[in-house]
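A.B. asks: Mind having a look at this structure? Questions to follow.
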Amino acid sequence: MPIESIFSAKEIVKSFGGTVVLKKITIDIKKGRVLALVGENGAGKSTLINIISGSLQADSGELYYEGKKISWSSPKKALQNGIAVVHQELTLFKNLPVYENVFAGNPETMRGIRLNRKTMRQESRRLLEKLGMDIDVNTLVGELTVAQQQIVEIAKAVAWKPKLLILDEATSALDTVLVQKLFAFCRELLAEGTAIIFVSHRMSEIFEISDEVLVIKDGAMVGFYDQLDGVTEDDLVRCMVGYNVETIFPEKNENESREPLLVTRNLSTKNIHNVSIEVRPGEIIGLGGLHGHGQEELLRALFGLEKITGGEITIDGKPYEPKNVQKAIRYGFAYVPPDRKTEGLVLTLPIEENLTITVLRDFCGFMGRINSKKEKAMQDEVRGRLRIDQRQYRQLSGHLSGGNQQKVVIGKWLKSGFKVLLMDEPTRGVDVATKHEIYMFLRELVAQGVAVLLVSTEIIELMGISDRIYIFYEGSVHAELKGADINEEKVTYAIMGLKGE
Amino acid sequence: MRKDNDTPRQLVKKSAWGIIGANKQIIALLIVAAIFYIVSFIVSGTKFIAILHISSFMALAAMGQTLVFLIAGIDLSVASLLSAAGILLCTLVDKGVSFAGSVVLVIAASAIVGSLNGLGISYLKIPPLVMTVAMQYILRGATLVTTNGKPIAISTASLSYWVNQGVIGPITGGILVTAICCVMLMWMLYKTKFGREIFFMGSSPRVALMSGINNDVITLKVYTLAAALTGLTGIMLVGYTGTAAVRIGDSYLLPSIAAVLLGGTSPLGGKGNVVRTIIGAFILCNTVSLLTVLQMSEAARQVIEGIIVLIFIVVNNVDIQRKKKKKA
Amino acid sequence: MRKQSIFLKKYGELIPIYVVMILMIGINVWKQPNFFSVTTLSRTFNQLAPYIFISMAQMCIMLIGGMNFALGGLVSLSTCIFAKTMVESDLRNIPRIIAVILLIGVMEALVGYIIGHFRLPTIVVTLATSFIYEGLALGILPTPGGYVSPNIATFLTGRIGPISVAFLMCLVFVVIWCLIRRSSVGLLIYAVGQNRNAAFSSGLNVTWGYVMAFFINGVLAALAGLMLCARTMSGDPRIANDMTINAVTAAVLGGVTFSGGEGKIAGTIAGAVVVGMLVNVLFYLNITGFYTYFVQGIILIISVVVNNWRRGARRNA
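Protein chains in written order, with the numbering used here: chain A, 23 to 523; chain B, 13 to 340; chain C, 80 to 396.
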């Protein structure tokens, strides 16, 4: 029986600023089947999904839905026609109750102006139970945990009874139980003829639920599998990263002899409890775990962005009580935030100004006058060390590629005299070649006596770059892995909160 | 990017285009300003210097607001601060304080008012709108109480003369002070650490925070500086009008904000500067003079001012939105 | 037990403003022993009604994000339009009044459309419209005057039985607001105010949200103008220009935030009562004339600080 296609895209091209993000993508999505989109962060998956769902317009190419050519200008049209997306970033309203979030904008519960709240409550309760969650639908979304919020987001998409359901990293905060419930629900939908596009970083999930896999790298299609028998994870990974895992990461430093540079003892904040870790000079320490389990919060707490409720920190021998960012910088911390576009650099300002913002004091004279010669010297030095590629003088940072932007974010700390570089998702949205450059650079950095503490949800990266890994689960350190223990099985188990063999 | 094999000629060309490119908007603005002036001149015959003189007070009043807009704030205490500064000046001079001393005291007092605004906004987390409006009320109450609602005639006729007459050739004191402030502020914005921090914080307070910039301190400094400038304007206004009264500042508040907006400084922060505001003030004053000569009632004048500002806002922002959509 | 704690959580932050409101009523009662008499109550509501309507209007705009700078000017303009369009025949007046109310609503709806569609900052655009409205008002009625039908004025400032008509008007429109809040329009406004991008991704029509919020704000502004007309028997192009900030004060006191998506009608009403009664109360406390400005400023600051403190405390709980 021929399988009908519900959606297809032909030669989609999309650019932002000067960078081409999607290069002639052609896909075909079939009813009742799951197509997995696999690729690294920044490969172009989210952009493609945004185009399919009407949030973005392609620069060129054609889209067909149910046989007809379409060009939607808003997500509303896509939703009305039966395409629903569960986004990576949550699109919930924190001050509204769960059931209003699930059915916001959904015409099924609206009759003219009147909202059928009874149905809204009943239906959302039913959907949430199916997805494995039992919460009061009157609760405000802001009071839920990250995992619960993600389930609400999924329920919201499903409430539109879509013919094409897109799950973009929809499982990033879910544990195994919830993931299984979700998959069971998906199988029901598939049986009814719904098509699903599934994006995830977890290979096991990809293999469990998908029928076909499309691999995207740097915006181009590099591999397509129309069935998964005989395909191994390694095949996919190699296709996806296009590099040899062995060679992209520089050699590790597994020497544990030196005095620790950073020590935390029983550190607690609102969401983390009794975290005790050690970081030695010359080490790159990885923090792993599901989204929202505390690793990111630890970094922010060290950098003065979260309130400490208990515990002690020592850096370079000195006791340290985080108060604010200036103090953190004074004590030797530097921070590369997870979202460089909104936290890492100012897109509307030139690269040069972004690079020197943390250390302006170093070349100021009378009345704060900036010594432009000194400043330019610093900019040139950093630019050279990191090999930042810019096309014109005073180019706006917003026009750089993701990889170069990340280099600028790292670069602005180089002359600040930091001792511990905190990084949250150091190579998210960065192309492969630049990833390699950044990894090599980090090794060079720590060889000079500083240390790097990084958070990454890309398991390959975590295992490849870290000398030691602390895995977080529900706010505390669940496992510390080093040496031979750093393998995918142990890491995945620990992330799920298990201590299995 | 400069390539090593660029000939000197090519380098000059590249930098020239760079400067023009970056300042495309200001050139467009200047052209618009010129058009407004020419039209106004044709209809009313007002001399360039005269319009420049009038707009210099508007521009000076709007300079503080420009700085505040750059960090995405707003200062609504300008009206009563202008009046209060003038009243304080006259009161001090009447009491026998030297003129120079009075000027210094008035500016210092204004700076203190500004720092109170800044403290409320940065440390008490009061939204700028609320804080400066509250300050407006407080100052208005204070000035009404001290003057019992009656204007004070100025006793320093020399100030009036100096402000309004030619000091250097045809350039009046008013124009001179505005020009000096403009130069100083532009230097501060583009050549100092403080200026860099202002633009950074205005473009993205979150990135500024994460880069170690102390947003609270910058807020405090900016509001203090803005109020000091307002105080200076209040002093100049006494010279301009010859009196100090409680309501003098009221007719400057909204127009000064309009001047800033016309100049293209964004109220959302991070974009704009004082030169733009001066051009905006110039455009505004030309419009007013033109409409007055055409014998339009005050009412019609106001309506047209509002429409012009609205058009400028839409045009300025639509451009931003189009750029934003491309980057998505 | 559970129902009680939910109620407390939802409305707990309104307790301070209600305490203040009761305090102010108390002072009024103390100085005016016949406060609860039918005539005094009616007079009080006549005074409060414009404040209540204008604060509700400002709340609408604050809910969707920002504030309406032109609100006072709009109210003044509406008094001028009413005073110019009323005629002697009341039969012909009623449709005219309704037409004017709708006209003002539509005018503001157009402003809302511009703001929503072009993604402009509300404060700045309403600043421009304040010029326009105040200018139009001066153009229509350079000095206070015009004609207000005495019958209508008497009716609006009078009573039906023992109940003040002003009170009834407020009550009716509060109920209407509650219905709107519970409808899809209410959800739209709160959602857009909280997170415009999320609203867009969820398939909500953001521009329509702005249009509706501004339309409601326009209607309420016109009603405030109508009540003012009734009280002063004239149109006045400057009467309400200072009321913009009063409306903001009332809304902020009532827990409405500038960022959008947060605020309850119960709070705004209490805030409006406090602001409306403020001048009287200060008078009773022997704080007169110029000092009232002073006190208004201080109250504004204190109310925001308290709000911030409560919000911070709630978040860290």
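Even for Gly, the Cβ is constructed at its ideal location relative to N, Cα and C.
So is V404/A in contact with chain B if we call contact Cβ pairs under 8 Å?
C.D. replies: In the first sequence, residue 404/A corresponds to position 382, counting from 1. So, not an interface residue.
A.B. asks: Among L215/C, A345/C, L150/C, S168/C, which one has its Cα closest to the Cα of T205/C?
C.D. replies: Locating residue 205/C in the third sequence gives position 126, where the first residue counts as 1. The shortest C-alpha separation from T205/C is found at L150/C.
A.B. asks: Consult DSSP for L364/C and reduce its assignment to one of helix, strand or coil.
C.D. replies: Counting from one through the third sequence, the residue named residue 364/C turns up at place 285. If DSSP states are grouped into helix, strand and coil, L364/C belongs with coil.
A.B. asks: Report all residues from its chain with a CB closer than 6 Å to the CB of G340/C; omit the five preceding and five following residues, and keep chain order.
C.D. replies: What you label residue 340/C is simply residue 261 of the third sequence in a count that begins at 1. Y269, G272, Q273, listed in sequence order.
A.B. asks: In chain C, what lies closer than 9 Å to G85/B by C-beta?
C.D. replies: Position 73 of the second sequence, counted from the start, is the residue given in the question as residue 85/B. Residues of chain C passing the Cβ test: none, with the nearest at roughly 11 Å.
A.B. asks: Please state if the CB of P97/A and the CB of S75/A are separated by a distance shorter than 8 Å.
C.D. replies: Taking the first sequence and counting its residues from 1, the one referred to as residue 75/A is at position 53. Taking the first sequence and counting its residues from 1, the one referred to as residue 97/A is at position 75. Yes.
A.B. asks: In three-state terms, what does DSSP make of F125/A?
C.D. replies: Numbered from 1 along the first sequence, position 103 holds the residue referred to as residue 125/A. Helix, per DSSP.
A.B. asks: Closer than 9 Å by beta-carbon distance: list the chain C residues that pair up with K363/A, in chain order.
C.D. replies: Residue mapping note: residue 363/A aligns to position 341 of the first sequence, counting from 1. Residues of chain C passing the Cβ test: none, with the nearest at roughly 14 Å.
A.B. asks: At a CB distance below 8 Å, what residues from the region 427–439 of chain A approach chain C? Give them in sequence order.
C.D. replies: Here the close residues number zero.
A.B. asks: Within 10 Å of its beta-carbon, does I421/A have 16 or more other beta-carbons around it, so buried, or fewer, so exposed?
C.D. replies: Here residue 421/A refers to the residue found at position 399 when the first sequence is read from its first residue. With the sequence shown as reference, residue 421/A is identified as His, and Ile is not the correct amino acid for it. The residue is buried, with at least 16 neighbouring Cβ atoms inside 10 Å.
A.B. asks: On the CB-based measure, 16 or more other CB atoms within 10 Å of its CB, does G102/B come out buried or exposed?
C.D. replies: As a position in the second sequence, residue 102/B is number 90, starting the count at 1. Reading the sequence as shown, one finds Cys at residue 102/B and not Gly. Buried: at least 16 other Cβ atoms inside 10 Å.
A.B. asks: Which same chain residues end up closer than 7 Å to K338/B when comparing Cβ atoms and leaving out the 5 residues on each side of it in sequence?
C.D. replies: As a first step, residue 338/B is located in the second sequence; it is residue number 326 there, counting from the start. Residue placement at K338/B cannot be trusted, given a pLDDT of 40 that sits under 50; what the coordinates show is reported in the next sentence. Around K338/B: no qualifying Cβ.
A.B. asks: What residues in its chain sit with their C-beta under 7 Å from that of K512/A, if we drop five residues either side in the sequence?
C.D. replies: To locate residue 512/A, count along the first sequence from 1; it is residue 490. These residues qualify, in order along the chain: L503.
A.B. asks: For G19/A, collect the residues of the same chain with a Cβ closer than 7 Å to its Cβ; drop the 5 residues on either side in sequence, then sort them by chain order.
C.D. replies: The question about residue 19/A has no answer, for chain A in this structure spans 23 to 523.
A.B. asks: Does the distance from the CB of G85/B to the CB of L237/B come in under 8 Å?
C.D. replies: Your numbering for residue 85/B matches position 73 in the second sequence. Your numbering for residue 237/B matches position 225 in the second sequence. No.
A.B. asks: In whole angstroms, what separates the C-alpha of Y372/C from that of M75/B?
C.D. replies: Position 293 of the third sequence holds residue 372/C. Position 63 of the second sequence holds residue 75/B. Whole-angstrom Cα-Cα distance: 27 Å.
A.B. asks: Taking three-plus beta-carbon pairs below 8 Å as touching, is the region 432–448 of chain A in contact with the region 351–360 of chain A?
C.D. replies: Because the criterion of three Cβ pairs below 8 Å is met, the region 432–448 of chain A and the region 351–360 of chain A touch.
A.B. asks: Can at least three beta-carbon pairs, one atom from the region 298–315 of chain A and one from the region 464–480 of chain A, be found at a separation below 8 Å?
C.D. replies: Output reads yes: the region 464–480 of chain A touches the region 298–315 of chain A.
A.B. asks: Give the straight-line distance between the Cα atoms of V305/B and L296/B, rounded to the nearest whole angstrom.
C.D. replies: Here residue 305/B is taken as the residue at index 293 of the second sequence, counted from 1. Here residue 296/B is taken as the residue at index 284 of the second sequence, counted from 1. If you take the alpha carbons of V305/B and L296/B, they lie about 14 Å apart.
A.B. asks: Thinking just about the alpha-carbon of each residue, which of I135/A, K36/A, E459/A is nearest to the one in L408/A?
C.D. replies: Mapped onto the first sequence, residue 408/A falls at position 386. The shortest Cα separation from L408/A among I135/A, K36/A, E459/A belongs to E459/A.
A.B. asks: Answer with buried or exposed for I392/A, where buried requires no fewer than 16 other C-beta atoms within 10 angstroms of its C-beta.
C.D. replies: For the purposes of this step, residue 392/A is taken as residue 370 along the first sequence, with counting starting at 1. When all chains shown are included, I392/A counts as buried.
A.B. asks: For K341/C, go through chain A and note every residue whose CB falls closer than 8 Å to its CB, in chain order.
C.D. replies: Numbered from its first residue, the third sequence carries residue 341/C at position 262. The amino acid occupying residue 341/C in the given sequence is Glu; Lys does not appear at that position. What E341/C touches in chain A: N117.
A.B. asks: According to DSSP, is P279/B helix, strand or coil?
C.D. replies: Here residue 279/B refers to the residue found at position 267 of the second sequence. Residue state, collapsed to three classes: coil.
A.B. asks: At the level of alpha carbons, what is the spacing between K203/A and S146/A?
C.D. replies: The count along the first sequence starts at 1 and reaches residue 203/A at position 181. The count along the first sequence starts at 1 and reaches residue 146/A at position 124. Cα to Cα, the separation comes out at about 16 Å.
A.B. asks: Using DSSP with H/G/I as helix, E/B as strand and the rest coil, what is R287/A?
C.D. replies: Translated into the one-based positions of the first sequence, residue 287/A becomes position 265. Note: R287/A maps to strand in three-state DSSP.
A.B. asks: What are the start and end residues of each continuous alpha helix (DSSP H) run of 4 or more residues lying completely inside the region 346–392 of chain A, in chain order?
C.D. replies: Entirely contained in the region 346–392 of chain A, the alpha helix (DSSP H) runs reaching 4 residues are, in chain order, 347–352, 373–378.
A.B. asks: Contact between the region 257–274 of chain B and the region 88–103 of chain B: three or more CB pairs below 8 Å?
C.D. replies: The region 257–274 of chain B vs the region 88–103 of chain B: in contact.
A.B. asks: Closer than 7 Å: is that where the CB of S96/A sits relative to any heavy atom of the ligand PLP?
C.D. replies: The model depicted lacks the ligand PLP and carries no ligand whatsoever.
A.B. asks: So if I threshold CB-CB distances at 8 Å, which residues from the region 187–216 of chain A count as touching chain D?
C.D. replies: Included in the structure are the protein chains A, B and C, with no chain D among them.
A.B. asks: Just reading off the beta strand (DSSP E) that A242/A is part of, what are its end residues?
C.D. replies: Working through the first sequence from its first residue, we reach residue 242/A at position 220. Counting along the chain, the beta strand (DSSP E) containing A242/A begins and ends at 242–247.
A.B. asks: Closer than 7 Å, Cβ to any Cβ of chain C: which residues of the region 131–162 of chain A, in chain order?
C.D. replies: Going along the region 131–162 of chain A in chain order, one finds M132, I135, R136, L137 with a Cβ nearer than 7 Å to chain C.
A.B. asks: Please identify the residue among A91/B, N328/B, T58/B, K59/B whose C-alpha is closest to the C-alpha of A239/B.
C.D. replies: For the purposes of this step, residue 239/B is taken as residue 227 along the second sequence, with counting starting at 1. Cα-wise, what sits closest to A239/B is A91/B.
A.B. asks: Using the Cα positions of I231/C and A309/C, report the straight-line distance between them to the nearest angstrom.
C.D. replies: In the third sequence, counting from the first residue as 1, residue 231/C sits at position 152. In the third sequence, counting from the first residue as 1, residue 309/C sits at position 230. Going from the Cα of I231/C to the Cα of A309/C covers about 7 Å.
A.B. asks: Could you check which residue in R362/A, I491/A, T380/A has the C-alpha nearest to that of R450/A?
C.D. replies: For the purposes of this step, residue 450/A is identified with residue 428 of the first sequence, where counting begins at 1. If we check each option's Cα against that of R450/A, R362/A comes out closest.
A.B. asks: Could you give the residue range of the beta strand (DSSP E) that holds V221/A?
C.D. replies: Start at 1 with the first residue of the first sequence, and residue 221/A comes out as number 199. First-last of the beta strand (DSSP E) with V221/A: 217–221.
A.B. asks: With 16 other CB atoms within 10 Å as the buried threshold, where does A506/A fall?
C.D. replies: On the first sequence, position 484 is the one that residue 506/A refers to. Flag for A506/A reads exposed.
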